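Participant: Numbering (our numbering), first residue to last: 64 to 422. Before we start, here is the structure in question, set down as C-alpha coordinates.
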(Lines of atoms letter the chains of each structure in order from A; the text may use other names.)
(Lines give C-alpha, C1' and ligand atoms only; values in the text may rest on other atoms or scores of the structure.)
Protein backbone atom coordinates (compact mmCIF):
# COMPACT_ATOMS: atom_id res chain seq x y z
CA UNK A 64 0.00 0.00 0.00
CA UNK A 65 1.36 3.39 -0.94
CA UNK A 66 1.96 5.88 1.86
CA UNK A 67 1.59 9.44 0.60
CA UNK A 68 3.86 12.28 1.57
CA UNK A 69 0.81 14.29 2.59
CA UNK A 70 -0.15 11.62 5.12
CA UNK A 71 3.37 11.51 6.54
CA UNK A 72 3.63 15.27 6.89
CA UNK A 73 0.12 15.75 8.30
CA UNK A 74 0.59 12.93 10.82
CA UNK A 75 3.88 14.39 12.03
CA UNK A 76 2.43 17.89 12.34
CA UNK A 77 -0.64 16.65 14.20
CA UNK A 78 1.56 14.89 16.74
CA UNK A 79 3.68 18.01 17.17
CA UNK A 80 0.54 20.12 17.70
CA UNK A 81 -1.25 17.74 20.11
CA UNK A 82 1.66 17.16 22.47
CA UNK A 83 1.89 20.78 23.77
CA UNK A 84 -1.87 20.81 24.29
CA UNK A 85 -1.62 17.67 26.40
CA UNK A 86 1.17 19.27 28.40
CA UNK A 87 -0.85 22.41 29.08
CA UNK A 88 -3.81 20.34 30.11
CA UNK A 89 -1.66 18.33 32.47
CA UNK A 90 -0.18 21.46 34.07
CA UNK A 91 -3.59 23.06 34.43
CA UNK A 92 -4.92 20.03 36.27
CA UNK A 93 -2.32 20.25 39.06
CA UNK A 94 -3.59 20.71 42.57
CA UNK A 95 -1.38 23.49 43.99
CA UNK A 96 -3.17 23.49 47.42
CA UNK A 97 -0.77 21.03 48.95
CA UNK A 98 2.70 22.46 48.57
CA UNK A 99 4.49 19.19 49.33
CA UNK A 100 2.36 17.20 46.99
CA UNK A 101 2.54 20.11 44.53
CA UNK A 102 6.31 20.05 44.52
CA UNK A 103 6.34 16.35 43.83
CA UNK A 104 3.74 16.84 41.13
CA UNK A 105 5.70 19.73 39.68
CA UNK A 106 8.87 17.67 39.57
CA UNK A 107 7.07 14.84 37.87
CA UNK A 108 5.55 17.23 35.37
CA UNK A 109 8.92 18.75 34.55
CA UNK A 110 10.33 15.31 34.00
CA UNK A 111 7.38 14.56 31.74
CA UNK A 112 7.79 17.84 29.89
CA UNK A 113 11.48 17.15 29.37
CA UNK A 114 10.67 13.71 28.02
CA UNK A 115 8.02 15.14 25.75
CA UNK A 116 10.39 17.81 24.49
CA UNK A 117 12.88 15.11 23.65
CA UNK A 118 10.09 13.26 21.85
CA UNK A 119 9.25 16.44 19.93
CA UNK A 120 12.89 16.86 18.98
CA UNK A 121 12.95 13.26 17.80
CA UNK A 122 9.78 13.82 15.80
CA UNK A 123 11.27 16.96 14.25
CA UNK A 124 14.42 15.09 13.29
CA UNK A 125 12.30 12.30 11.83
CA UNK A 126 10.21 14.84 9.94
CA UNK A 127 13.35 16.50 8.60
CA UNK A 128 14.65 13.14 7.41
CA UNK A 129 11.32 12.40 5.73
CA UNK A 130 11.36 15.75 3.96
CA UNK A 131 14.99 15.33 2.94
CA UNK A 132 14.61 11.71 1.78
CA UNK A 133 11.22 11.91 0.08
CA UNK A 134 11.21 15.51 -1.20
CA UNK A 135 14.56 17.30 -1.23
CA UNK A 136 16.69 14.44 -2.58
CA UNK A 137 14.36 13.56 -5.48
CA UNK A 138 13.82 17.26 -6.22
CA UNK A 139 17.57 17.75 -6.45
CA UNK A 140 17.85 14.72 -8.74
CA UNK A 141 15.02 16.01 -10.93
CA UNK A 142 16.62 19.45 -11.05
CA UNK A 143 19.91 17.90 -12.19
CA UNK A 144 18.02 15.82 -14.76
CA UNK A 145 16.26 18.92 -16.09
CA UNK A 146 19.62 20.71 -16.42
CA UNK A 147 20.99 17.73 -18.37
CA UNK A 148 18.03 17.84 -20.77
CA UNK A 149 18.52 21.58 -21.30
CA UNK A 150 22.14 20.84 -22.29
CA UNK A 151 20.94 18.14 -24.68
CA UNK A 152 22.25 15.26 -22.56
CA UNK A 153 19.75 12.38 -22.38
CA UNK A 154 22.22 9.65 -21.40
CA UNK A 155 21.09 9.28 -17.79
CA UNK A 156 18.29 7.73 -15.77
CA UNK A 157 16.16 9.17 -12.98
CA UNK A 158 16.94 6.64 -10.25
CA UNK A 159 14.47 7.67 -7.50
CA UNK A 160 11.71 5.07 -7.20
CA UNK A 161 9.94 6.00 -3.94
CA UNK A 162 6.51 4.56 -3.22
CA UNK A 163 4.87 7.98 -2.99
CA UNK A 164 3.87 11.03 -5.01
CA UNK A 165 7.48 12.05 -5.69
CA UNK A 166 8.20 8.50 -6.79
CA UNK A 167 5.35 8.58 -9.26
CA UNK A 168 6.46 12.00 -10.48
CA UNK A 169 10.03 10.73 -10.92
CA UNK A 170 8.75 7.73 -12.87
CA UNK A 171 6.75 10.04 -15.15
CA UNK A 172 9.83 12.25 -15.61
CA UNK A 173 11.92 9.19 -16.55
CA UNK A 174 9.30 8.12 -19.10
CA UNK A 175 9.36 11.64 -20.58
CA UNK A 176 13.17 11.57 -20.77
CA UNK A 177 13.12 8.17 -22.46
CA UNK A 178 10.51 9.28 -25.01
CA UNK A 179 12.46 12.45 -25.77
CA UNK A 180 15.62 10.41 -26.27
CA UNK A 181 13.80 8.01 -28.61
CA UNK A 182 12.28 10.91 -30.52
CA UNK A 183 15.67 12.59 -31.00
CA UNK A 184 17.22 9.30 -32.10
CA UNK A 185 14.44 8.83 -34.65
CA UNK A 186 14.97 12.39 -35.81
CA UNK A 187 18.71 11.73 -36.17
CA UNK A 188 18.08 8.53 -38.13
CA UNK A 189 15.53 10.28 -40.35
CA UNK A 190 17.99 13.06 -41.09
CA UNK A 191 20.69 10.50 -41.85
CA UNK A 192 18.28 8.60 -44.12
CA UNK A 193 17.35 11.85 -45.87
CA UNK A 194 21.01 12.64 -46.57
CA UNK A 195 21.65 9.10 -47.79
CA UNK A 196 18.54 9.34 -49.96
CA UNK A 197 19.77 12.55 -51.61
CA UNK A 198 23.25 11.09 -52.11
CA UNK A 199 21.94 7.83 -53.56
CA UNK A 200 19.41 9.48 -55.86
CA UNK A 201 22.03 11.93 -57.09
CA UNK A 202 24.41 9.08 -57.88
CA UNK A 203 21.75 6.89 -59.49
CA UNK A 204 20.56 9.74 -61.69
CA UNK A 205 23.98 11.13 -62.52
CA UNK A 206 25.46 7.85 -63.76
CA UNK A 207 23.00 7.12 -66.60
CA UNK A 208 22.62 10.81 -67.42
CA UNK A 209 26.38 11.18 -67.84
CA UNK A 210 26.41 8.11 -70.06
CA UNK A 211 23.51 9.41 -72.17
CA UNK A 212 25.20 12.80 -72.45
CA UNK A 213 28.42 11.20 -73.69
CA UNK A 214 26.70 9.14 -76.39
CA UNK A 215 24.51 12.06 -77.51
CA UNK A 216 27.56 14.32 -77.81
CA UNK A 217 29.28 11.63 -79.84
CA UNK A 218 26.35 11.52 -82.24
CA UNK A 219 26.16 15.31 -82.43
CA UNK A 220 29.88 15.66 -83.16
CA UNK A 221 29.53 13.34 -86.12
CA UNK A 222 32.18 10.91 -84.93
CA UNK A 223 29.91 7.94 -85.65
CA UNK A 224 29.83 7.12 -89.36
CA UNK A 225 29.17 3.40 -89.17
CA UNK A 226 25.43 2.58 -89.21
CA UNK A 227 25.83 -0.42 -86.89
CA UNK A 228 27.70 1.72 -84.38
CA UNK A 229 25.09 4.45 -84.74
CA UNK A 230 22.32 1.95 -83.99
CA UNK A 231 24.29 0.62 -81.03
CA UNK A 232 24.62 4.13 -79.59
CA UNK A 233 20.87 4.66 -79.93
CA UNK A 234 20.17 1.31 -78.26
CA UNK A 235 22.44 2.22 -75.34
CA UNK A 236 20.75 5.61 -74.96
CA UNK A 237 17.34 3.94 -75.00
CA UNK A 238 18.45 1.38 -72.40
CA UNK A 239 19.78 4.11 -70.10
CA UNK A 240 16.55 6.07 -70.55
CA UNK A 241 14.49 3.02 -69.59
CA UNK A 242 16.59 2.61 -66.43
CA UNK A 243 16.08 6.26 -65.56
CA UNK A 244 12.35 5.94 -66.11
CA UNK A 245 12.29 2.83 -63.91
CA UNK A 246 14.19 4.59 -61.13
CA UNK A 247 11.90 7.63 -61.24
CA UNK A 248 8.85 5.34 -61.14
CA UNK A 249 10.26 3.52 -58.10
CA UNK A 250 10.94 6.82 -56.35
CA UNK A 251 7.40 7.94 -57.12
CA UNK A 252 6.02 4.69 -55.71
CA UNK A 253 8.07 5.09 -52.53
CA UNK A 254 6.71 8.61 -52.08
CA UNK A 255 3.18 7.25 -52.43
CA UNK A 256 3.85 4.29 -50.14
CA UNK A 257 5.38 6.35 -47.34
CA UNK A 258 2.73 9.07 -47.57
CA UNK A 259 -0.08 6.52 -47.61
CA UNK A 260 -1.34 7.74 -51.00
CA UNK A 261 -0.69 4.58 -53.00
CA UNK A 262 -4.05 3.40 -54.31
CA UNK A 263 -4.59 -0.32 -53.77
CA UNK A 264 -7.23 -1.92 -55.95
CA UNK A 265 -7.54 -5.10 -53.93
CA UNK A 266 -10.29 -7.47 -54.98
CA UNK A 267 -11.43 -10.88 -53.81
CA UNK A 268 -9.32 -13.41 -55.70
CA UNK A 269 -9.00 -17.16 -55.94
CA UNK A 270 -5.36 -17.76 -54.97
CA UNK A 271 -5.00 -20.66 -57.41
CA UNK A 272 -6.23 -18.64 -60.38
CA UNK A 273 -4.19 -15.61 -59.35
CA UNK A 274 -0.93 -17.53 -59.04
CA UNK A 275 -1.48 -19.36 -62.32
CA UNK A 276 -2.11 -16.06 -64.12
CA UNK A 277 1.00 -14.50 -62.56
CA UNK A 278 3.36 -17.40 -63.21
CA UNK A 279 2.28 -18.40 -66.74
CA UNK A 280 4.11 -15.49 -68.47
CA UNK A 281 7.30 -16.36 -66.58
CA UNK A 282 7.09 -19.99 -67.70
CA UNK A 283 7.02 -18.82 -71.32
CA UNK A 284 9.89 -16.40 -70.73
CA UNK A 285 12.06 -19.03 -69.02
CA UNK A 286 11.88 -21.25 -72.12
CA UNK A 287 14.30 -18.87 -73.82
CA UNK A 288 16.62 -18.52 -70.82
CA UNK A 289 19.37 -20.65 -69.37
CA UNK A 290 17.24 -21.16 -66.29
CA UNK A 291 14.71 -23.65 -64.99
CA UNK A 292 11.45 -22.58 -63.39
CA UNK A 293 10.09 -25.33 -61.15
CA UNK A 294 6.46 -24.81 -60.13
CA UNK A 295 4.92 -27.09 -57.52
CA UNK A 296 1.28 -27.55 -58.46
CA UNK A 297 -1.55 -27.55 -57.67
CA UNK A 298 -1.78 -24.27 -55.81
CA UNK A 299 -4.33 -24.05 -52.99
CA UNK A 300 -7.62 -22.42 -54.05
CA UNK A 301 -8.13 -19.92 -51.22
CA UNK A 302 -10.04 -16.62 -51.07
CA UNK A 303 -7.64 -13.68 -50.66
CA UNK A 304 -7.84 -9.95 -51.25
CA UNK A 305 -5.15 -8.83 -53.65
CA UNK A 306 -4.24 -6.09 -56.08
CA UNK A 307 -3.19 -8.12 -59.13
CA UNK A 308 -0.93 -5.43 -60.55
CA UNK A 309 0.92 -4.93 -57.26
CA UNK A 310 1.35 -8.65 -56.56
CA UNK A 311 2.62 -9.06 -60.14
CA UNK A 312 5.16 -6.33 -59.39
CA UNK A 313 6.37 -8.31 -56.37
CA UNK A 314 6.78 -11.47 -58.49
CA UNK A 315 8.61 -9.49 -61.19
CA UNK A 316 11.09 -8.26 -58.61
CA UNK A 317 11.66 -11.59 -56.85
CA UNK A 318 12.08 -13.60 -60.05
CA UNK A 319 14.14 -10.84 -61.65
CA UNK A 320 16.52 -10.81 -58.69
CA UNK A 321 16.74 -14.61 -58.75
CA UNK A 322 17.85 -14.48 -62.38
CA UNK A 323 20.16 -11.51 -61.84
CA UNK A 324 22.09 -13.16 -59.01
CA UNK A 325 22.02 -16.69 -60.45
CA UNK A 326 25.16 -18.68 -59.81
CA UNK A 327 27.43 -20.17 -62.42
CA UNK A 328 25.79 -22.77 -64.64
CA UNK A 329 22.09 -23.36 -65.04
CA UNK A 330 20.01 -21.52 -62.48
CA UNK A 331 16.94 -23.01 -60.90
CA UNK A 332 13.99 -21.12 -59.42
CA UNK A 333 11.26 -22.86 -57.44
CA UNK A 334 7.75 -21.58 -56.68
CA UNK A 335 5.34 -23.23 -54.26
CA UNK A 336 2.31 -22.27 -52.17
CA UNK A 337 0.31 -23.76 -49.32
CA UNK A 338 -2.07 -22.76 -46.55
CA UNK A 339 -0.70 -22.41 -43.02
CA UNK A 340 -2.62 -21.00 -40.05
CA UNK A 341 -5.14 -18.91 -42.04
CA UNK A 342 -2.42 -17.58 -44.32
CA UNK A 343 -1.44 -18.33 -47.89
CA UNK A 344 2.32 -18.99 -47.83
CA UNK A 345 4.03 -18.39 -51.17
CA UNK A 346 7.68 -19.42 -51.43
CA UNK A 347 10.12 -18.35 -54.14
CA UNK A 348 13.50 -20.05 -53.90
CA UNK A 349 16.62 -20.11 -56.06
CA UNK A 350 20.03 -21.76 -56.20
CA UNK A 351 21.85 -18.50 -56.83
CA UNK A 352 24.78 -16.84 -55.10
CA UNK A 353 22.83 -16.16 -51.90
CA UNK A 354 22.92 -13.23 -49.49
CA UNK A 355 25.59 -12.55 -46.87
CA UNK A 356 24.48 -13.04 -43.27
CA UNK A 357 25.28 -9.44 -42.34
CA UNK A 358 23.08 -8.19 -45.20
CA UNK A 359 19.97 -10.22 -44.32
CA UNK A 360 18.61 -7.88 -41.59
CA UNK A 361 18.77 -4.95 -44.04
CA UNK A 362 17.72 -6.59 -47.30
CA UNK A 363 14.29 -4.89 -47.24
CA UNK A 364 15.68 -1.47 -46.26
CA UNK A 365 15.31 1.42 -48.66
CA UNK A 366 18.32 1.79 -51.01
CA UNK A 367 20.14 -1.12 -49.38
CA UNK A 368 22.24 -2.97 -51.94
CA UNK A 369 24.26 -5.39 -49.84
CA UNK A 370 27.60 -6.44 -51.24
CA UNK A 371 28.98 -3.37 -53.03
CA UNK A 372 30.94 -5.42 -55.57
CA UNK A 373 27.80 -7.29 -56.61
CA UNK A 374 25.81 -4.05 -56.66
CA UNK A 375 28.18 -2.36 -59.06
CA UNK A 376 28.21 -5.45 -61.24
CA UNK A 377 24.45 -6.01 -61.44
CA UNK A 378 23.15 -2.48 -60.93
CA UNK A 379 19.77 -1.87 -59.37
CA UNK A 380 18.47 0.95 -57.22
CA UNK A 381 18.09 -0.93 -53.96
CA UNK A 382 14.41 0.00 -53.94
CA UNK A 383 12.78 -3.15 -55.32
CA UNK A 384 12.63 -5.27 -52.17
CA UNK A 385 11.69 -2.23 -50.08
CA UNK A 386 8.71 -1.65 -52.38
CA UNK A 387 7.83 -5.37 -52.29
CA UNK A 388 7.76 -5.30 -48.50
CA UNK A 389 5.50 -2.23 -48.45
CA UNK A 390 3.12 -3.74 -51.02
CA UNK A 391 2.79 -7.00 -49.08
CA UNK A 392 2.25 -5.10 -45.83
CA UNK A 393 -0.54 -3.10 -47.49
CA UNK A 394 -2.16 -6.48 -48.20
CA UNK A 395 -1.98 -7.26 -44.48
CA UNK A 396 0.80 -9.78 -45.03
CA UNK A 397 4.52 -10.24 -44.45
CA UNK A 398 7.58 -11.07 -46.52
CA UNK A 399 10.78 -12.64 -45.19
CA UNK A 400 13.97 -14.17 -46.54
CA UNK A 401 16.43 -16.87 -45.54
CA UNK A 402 19.70 -17.31 -47.38
CA UNK A 403 23.29 -18.54 -47.29
CA UNK A 404 26.14 -17.44 -49.50
CA UNK A 405 26.60 -19.92 -52.31
CA UNK A 406 23.41 -21.80 -51.42
CA UNK A 407 20.68 -19.55 -52.80
CA UNK A 408 17.81 -17.68 -51.17
CA UNK A 409 14.24 -18.41 -50.16
CA UNK A 410 11.64 -15.63 -50.01
CA UNK A 411 8.36 -16.34 -48.23
CA UNK A 412 5.23 -14.23 -48.67
CA UNK A 413 2.30 -14.60 -46.28
CA UNK A 414 -1.11 -13.25 -47.31
CA UNK A 415 -4.16 -13.52 -45.04
CA UNK A 416 -6.98 -15.79 -46.18
CA UNK A 417 -10.38 -14.09 -46.22
CA UNK A 418 -12.75 -15.50 -43.62
CA UNK A 419 -16.21 -16.68 -44.73
CA UNK A 420 -17.95 -13.72 -43.06
CA UNK A 421 -15.79 -11.24 -45.01
CA UNK A 422 -16.59 -12.59 -48.48
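Cβ atoms here follow ideal geometry from the backbone N, Cα and C, with glycine treated the same way. Computed from a predicted structure; not experimentally measured.
Would DSSP call residue 288 helix, strand or coil?
Facilitator: Position 225 of the chain shown, counted from the first residue, corresponds to residue 288. Of the three classes helix, strand and coil, the one that applies to residue 288 here is coil, per DSSP.
Participant: Starting from the Cα of residue 359, find the closest Cα among 387, 400, 321, 335 and give me that residue.
Facilitator: By one-based count along the chain shown, residue 359 stands at place 296. Of the listed residues, the one whose Cα sits closest to residue 359 is 400.
Participant: Flag residue 334 as yes if its beta-carbon sits less than 8 Å from any beta-carbon of chain D, otherwise no.
Facilitator: Annotation note: the requested chain D is absent from the structure, which comprises a single protein chain.
Participant: For residue 169, count neighbouring Cβ atoms within 10 angstroms of its own Cβ and tell me buried if that reaches 16, exposed if not.
Facilitator: Numbered from 1 along the chain shown, position 106 holds the residue referred to as residue 169. Buried, by the Cβ-count rule.
Participant: What would DSSP say about residue 338, mapped onto helix, strand or coil?
Facilitator: The residue labelled residue 338 in the question sits at position 275 within the chain shown. It is a strand residue.
Participant: Could you compute how far the alpha carbon of residue 194 sits from the alpha carbon of residue 318?
Facilitator: Translated into the one-based positions of the chain shown, residue 194 becomes position 131. Translated into the one-based positions of the chain shown, residue 318 becomes position 255. If you take the alpha carbons of residue 194 and residue 318, they lie about 31 Å apart.
Participant: Would you identify the three-state DSSP class for residue 329, choosing helix, strand or coil?
Facilitator: Locating residue 329 in the chain shown gives position 266, counting from the first residue. Coil, per DSSP.
Participant: Just to confirm before moving on: does the CB-CB distance between residue 249 and residue 362 stay below 8 Å?
Facilitator: By one-based count along the chain shown, residue 249 stands at place 186. By one-based count along the chain shown, residue 362 stands at place 299. Against a cut-off of 8 Å, the Cβ pair of residue 362 and residue 249 comes out as no contact.
Participant: For residue 331 versus residue 306, is the C-beta distance shorter than 8 Å?
Facilitator: As a first step, residue 331 must be located in the chain shown, where it is residue number 268. As a first step, residue 306 must be located in the chain shown, where it is residue number 243. No. Outside cutoff.
Participant: By the three-class DSSP mapping on this structure, what secondary structure does residue 305 have?
Facilitator: For the purposes of this step, residue 305 is identified with residue 242 of the chain shown, where counting begins at 1. Residue state, collapsed to three classes: strand.
Participant: For residue 406, I'd like the list of residues in its chain whose CB is within less than 7 Å of its CB, leaving aside the five on either flank, ordered along the chain.
Facilitator: One-based indexing of the chain shown puts residue 406 at position 343. So the list reads 353, once near-sequence residues are dropped.
Participant: Please go through the same chain and pick out, in chain order, the residues whose beta-carbon is closer than 8 Å to the beta-carbon of residue 120, but skip the five residues on each side of it.
Facilitator: Your numbering for residue 120 matches position 57 in the chain shown. So the list is empty, once near-sequence residues are dropped.
Participant: With residue 162 as the anchor, note down where its alpha helix (DSSP H) starts and where it stops.
Facilitator: As a first step, residue 162 must be located in the chain shown, where it is residue number 99. Where residue 162 is concerned, there is no enclosing alpha helix (DSSP H), given that its DSSP letter is neither H nor E.
Participant: If you count every other CB in all the chains shown that lies within 10 Å of the CB of residue 157, and 16 or more means buried, which is it?
Facilitator: The residue given as residue 157 occupies position 94 in the chain shown. The residue is buried, with at least 16 neighbouring Cβ atoms inside 10 Å.
Participant: If you count every other CB in all the chains shown that lies within 10 Å of the CB of residue 290, and 16 or more means buried, which is it?
Facilitator: Residue numbering aside, residue 290 sits at position 227 when the chain shown is read from its first letter. When all chains shown are included, residue 290 counts as buried.
Participant: I'd like to know if the stretch 216-233 and the stretch 186-205 are in contact, where contact means that at least 3 CB-CB pairs between them fall below 8 Å.
Facilitator: The stretch 216-233 is not in contact with the stretch 186-205.
Participant: Out of 196, 155, 110, 239, state which residue places its alpha-carbon closest to the alpha-carbon of residue 178.
Facilitator: Here residue 178 refers to the residue found at position 115 when the chain shown is read from its first residue. Of the candidates 196, 155, 110, 239, the one whose C-alpha sits nearest the C-alpha of residue 178 is 155.
Participant: Given residue 266, which residues of its chain have a CB within under 8 Å of its CB, disregarding the five upstream and five downstream residues?
Facilitator: Numbered from its first residue, the chain shown carries residue 266 at position 203. Only 304, 305, 306, 307 meet the Cβ criterion.
Participant: If residue 298 sits next to residue 275, beta carbons under 8 Å apart, how far is it from one beta carbon to the other, in whole angstroms?
Facilitator: To locate residue 298, count along the chain shown from 1; it is residue 235. To locate residue 275, count along the chain shown from 1; it is residue 212. Contact holds; Cβ gap of about 7 Å.
Participant: State the DSSP-derived secondary structure class of residue 52, mapped to helix, strand or coil.
Facilitator: In this structure the chain extends from 64 to 422, so residue 52 is not present and cannot be described.
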